[in-house]
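In this note's numbering, the protein residues as written are 2 to 181. By construction, the Cβ of each residue, glycine as well, lies at the ideal position given by its N, Cα and C atoms. The structure under discussion appears below in the form of structure tokens.
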């Protein structure tokens, strides 16, 4: 039996948060059999039946710069086994590690930025906080149904939006009034 293997280049996919966003966007596409992510090279390989129209449409809506590189027909025996997939437990473990790293970096950069009065460090610390929040919220979604994952993605997006507004406010405040 034959199956399609489509390779996408996604330039803005560089961390597990984007991977989770893509998984959520493609979660209910019925013809997808497997998603294989390579974050280092920013490549997504989708094993699926049928054409790539619905997959490409959903990836495009994420605004991560996704482009279809090629689609090849392969034998279904080449499909990676389910054992090679990351389990919920493994995924949660990685998310906990990333949450810890980002939480530590948030505190370190926030304190450093405050001590040296650097808006850049404070803004970067907020980015670390946003990443940590996304990982924390993603922990809630591990192993849950698609609608929980979608709700989690929306919460993460709004949280990041609020942090961006806060960082922008701080930059404008410092521009007008100067550093303390």
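The beta carbons of residue 100 and residue 136 sit about 4 Å from each other, so the pair counts as a contact at 8 Å. The continuous beta strand (DSSP E) containing residue 8 extends over residues 3–10. Between residue 11 and residue 35, the C-beta spacing is not below 7 Å. Between the C-alpha atoms of residue 123 and residue 159 there is a straight-line separation of about 20 Å. Taking C-beta atoms as the reference points, residue 61 and residue 7 fail to come closer than 7 Å.
Cβ-Cβ separation between residue 63 and residue 22: approximately 6 Å, consistent with a contact (criterion under 8 Å). Per the coordinates, the alpha-carbon of residue 91 lies some 17 Å from the alpha-carbon of residue 102.
With contacts defined as CB atoms closer than 7 Å, residue 20 and residue 38 qualify as a contacting pair.
From the listed residues 117, 112, 5, the smallest Cα separation to residue 126 is found for 112. Short of 8 Å from the beta carbon of residue 149, and not among the five residues preceding or following it, lie these beta carbons of its own chain, in chain order: 141, 142.
Proximity to residue 81 across 4, 108, 43 peaks at 4, based on C-alpha coordinates. Ranked by Cα distance from residue 110, the options 41, 98, 130 are led by 130. Rounded to the nearest angstrom, the gap between the Cα atoms of residue 128 and residue 76 is 43 Å. The alpha carbon of residue 13 has as its nearest neighbour, out of 72, 139, 26, 40, the alpha carbon of 40.
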